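Under the numbering used here, the sequence shown has 335 at position 335, and the numbering climbs by one with no breaks. Here's the structure we're looking at; comments come further down.
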Amino acid sequence: MSLKNKLFAGFGLSLLFNATIFSQALPGTLNWYNGEGTGMQTDKAYQLLKNKKPKAVIVAVIDSGVDIEHEDLQGKIWNNEKEIPNNGIDDDKNGYIDDVHGWNFLGNKKGQNLESARLEKTRILAKLMLKYDGIDPSSIKKDAEYELYLKVKSEVEEGRAEFEPYMEMLKQFDAETKKYIEDQMNYNLNVDFNDRALIGDNPDDFNDIHYGNPDVEGPDALHGTHVAGIIAAIRGNNKGGDGVADNVKIMSIRTVPNGDEFDKDIYLAIKYAVDNGASVINMSFGKAYSPHQEKVYEAFKYADSKGVLLIHAAGNDAKDIDIEPNYPTSMYSFQEAPLDHFLTIGASTIKKDSLTASFSNFGKKGVDIFAPGFQIYNSVPQSEYKNLQGTSMAAPMVAGVAALLKSYFPSLSMSEIKSIILSSGTKYKGEFENLSTTGKVVNVYNAVKSCQKLEATKN
Ligand SMILES: [Ca+2]
Ligand SMILES: [Ca+2]
Ligand SMILES: [Ca+2]
């Protein structure tokens, strides 16, 4: 990929977060994702629900943080009723002090927050170079670890070589591009940057869990606030966009920095969400390497056993994830059986003749279904709004749908709801058919009709 393309695809947070940013609403696209045509038919589905009373559902947003004071998220933020804020006491004894709206794993007790981090390949290289750098190759055992060392070394070196020349001409770039290049060189691809020093724990010790702080917004909540808005933004108030679900509470769990998320934070975030009442967990993040994938899978199995639905963005590299995984995944090499409560989501567009978003990952086994992830106008911090795109936006569409269905049909299990989301989607013929297990785009109207039928059999 050329630098220009990379910068475009990667503007601001996007390479890390699977999103591309546009600053203005595009004509004719406001709330398209909830509409008819290629949309999810959410608005039409609400006609079927007029006389039904919903029950609030908690959705955990494991992300960069959420602006919980956003005007379009008022009344939509989870409140931990059993926790008294700011008294320095873990009132509900869940292991987290003053966690009123969620938790921030990327911070310390002083209230300082980690903003930028290395990519996982950079972290792996930093560890392995202590063992292999400067050692005569003929004396080294050529095992899998050594192969990994060579691979990440060349990837990090290639990355740095690509950005290095631009460091000399930073003045020519706008602020956002300049920051992107500097972040790559100083943090993401810098083996010498200790990205866990501020937090102070050992990221490889999963028993070392007393870290973080209650600041669920953090220094850069753009991505997480947009994700939260797609799920929950107030509908029909003529501000920003409409959320998918009208009776949800967002639990913000800050774990995703500008750089790759840590497996330990993801593991703990999932456990936190499950133990504190979330029914759905949105995961709009991903990375190429995952050193503690067995532990992440353990957390997934825990969520699965409790009937909590995990929803993961497929990623934005326009690649087949059946061949090259994007972690976390529903198909770990060591996994005994598929998880019942896991969905991987690709991104679709408003246009029927180019339905697949050009950046979206795909996979006949690894991606379950597609949902709108292009030209999505919704909330960003400071009560503002932006158009973003990415599979990061498609995943919360489905998190919103799952929450909507659970809120209006509480007698249905999450496993039944997941099956209905997959079976009730709109099928499209042609190439699109082969990009996911279902070949479909989510259809809320059909899903509600299926839920009504299933609910009737239970009464
Ligand atoms: Ca607590
Ligand atoms: Ca407290
Ligand atoms: Ca709104």
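All C-beta atoms, glycine included, are put in the ideal place defined by N, C-alpha and C. As the structure is a prediction and not an experimental result, all values here were calculated from the model.
Proximal residues to residue i (C-beta, below 6 Å), its chain only, five neighbours per side dropped
i    : result
M1   : In this predicted model, M1 has a pLDDT of only 30, less than 50, meaning its place in the structure is not dependable; the value taken from the coordinates is given anyway. Closer than 6 Å at Cβ, skipping near neighbours: no residue.
F17  : Here F17 scores only 44 on pLDDT, less than 50, and its place in the model should not be relied on; the value that follows carries that caveat. If we look at F17 and ignore the five residues flanking it on each side, its Cβ neighbours are H223 and S392.
F285 : V256 and E261
Y267 : K295, V296 and A299
P214 : D98 and D99
G10  : Interpretation of G10 is limited by its pLDDT of 40, a score under 50 that renders its predicted location unreliable; no figure is taken from the coordinates.
I181 : F163 and Y166
Y211 : I199 and D201
G515 : As shown, the chain starts at 1 and ends at 459. That puts residue 515 outside it, with no answer to give.
Expected contact under 8 Å - CB spacing of residue i and residue j to nearest Å
i    : j    : result
N188 : R118 : 6 Å
M414 : S252 : With 8 Å as the limit, M414 and S252 do not qualify as a contact, their Cβ atoms being about 21 Å apart.
K418 : K427 : 18 Å between Cβ atoms; not a contact.
L422 : G346 : With a Cβ gap of about 13 Å, L422 and G346 do not count as contacting.
K249 : K76  : 7 Å
K121 : A288 : 7 Å
L339 : D368 : With a Cβ gap of about 11 Å, L339 and D368 do not count as contacting.
D67  : E217 : 6 Å
A116 : N316 : The residue you asked about is not Ala; residue 116 is Ser in the sequence shown. Their Cβ separation, rounded to whole angstroms, is 20 Å, which puts S116 and N316 out of contact at 8 Å.
Where the alpha helix (DSSP H) containing residue i begins and where it ends
i    : result
L388 : Counting along the chain, L388 falls outside any alpha helix (DSSP H), though it belongs to the beta strand (DSSP E) covering E384 to Q389.
D43  : T42 to Q47
L268 : D263 to D275
Y132 : E120 to Y132
F300 : Q293 to S305
N446 : V444 to K458
P165 : A144 to M167
A175 : A175 to D183
I230 : L222 to A232
Closer than 7 Å: residue i CB and nearest ligand 2 heavy atom
i    : result
E81  : no
N87  : yes
D215 : no
I250 : no
I84  : yes
Check: residue i C-beta below 7 Å from any heavy atom of ligand 3
i    : result
D320 : no
A233 : yes
G75  : no
N237 : yes
D201 : no
D242 : yes
Ligand 1 heavy atom lying under 7 Å from the CB of residue i
i    : result
Y96  : yes
D72  : no
D133 : no
D91  : yes
D99  : yes
Sequence-distant residues of the same chain with beta carbon closer than 7 Å to residue i, five excluded per side
i    : result
D90  : Y96 and I97
R123 : none
K6   : Residue placement at K6 is flagged as unreliable, the pLDDT there being 37, under the threshold of 50; a coordinate-derived value is accordingly withheld.
L198 : N108, Q112 and L114
Y332 : Q293 and Y297
V442 : M40, I369, A371, M397, V398, V401, I421 and G425
Best match in the options for proximity to residue i [C-alpha to C-alpha]
i    : options                   : result
V444 : G425, K453 and E147       : G425
M397 : K264, E120 and Y377       : Y377
P328 : A337, D136 and A313       : A313
P137 : L150, L125 and A126       : L150
K110 : W32, G200 and F432        : G200
S154 : L125, F163, L170 and M167 : L125
S348 : S360, N113, F193 and A337 : S360
E433 : I231, K365 and A60        : K365
H70  : N190, Y180 and G241       : G241
G159 : M129, Q184, A25 and I135  : Q184
G430 : Q375, F370, N387 and D353 : D353
L128 : K142, Y146, S305 and I140 : Y146
V401 : Q382, A371 and L388       : A371
G390 : V380, G373 and S383       : G373
A245 : C451, A403, M169 and V274 : A403
Contacts around residue i, its chain only, beta-carbon distance under 8 Å, and the 5 residues preceding and following it disregarded
i    : result
L454 : F409, L412, E416 and I420
V448 : A45, L48, L49, L405 and Y408
Q74  : I234
D208 : D201 and N202
N282 : V59, A60, V61, I62, D63, V227, I231, I311, A395, P396 and A399
N186 : S116 and F193
D195 : L114, S116, A117, R118, R123, Y187, P257 and G259
D304 : L310, L339, D340, H341 and F342
Segment limits, beta strand (DSSP E) that includes residue i
i    : result
I58  : V57 to D63
I253 : V248 to R254
H312 : L309 to A313
S348 : F342 to S348
N104 : G102 to N104
S415 : Note, S415: premise wrong, no beta strand (DSSP E); alpha helix (DSSP H) at M414 to S423.
CB contact below 8 Å: residue i versus chain B
i    : result
L170 : The chain labelled as chain B is not found in the depicted structure, where only one protein chain is given.
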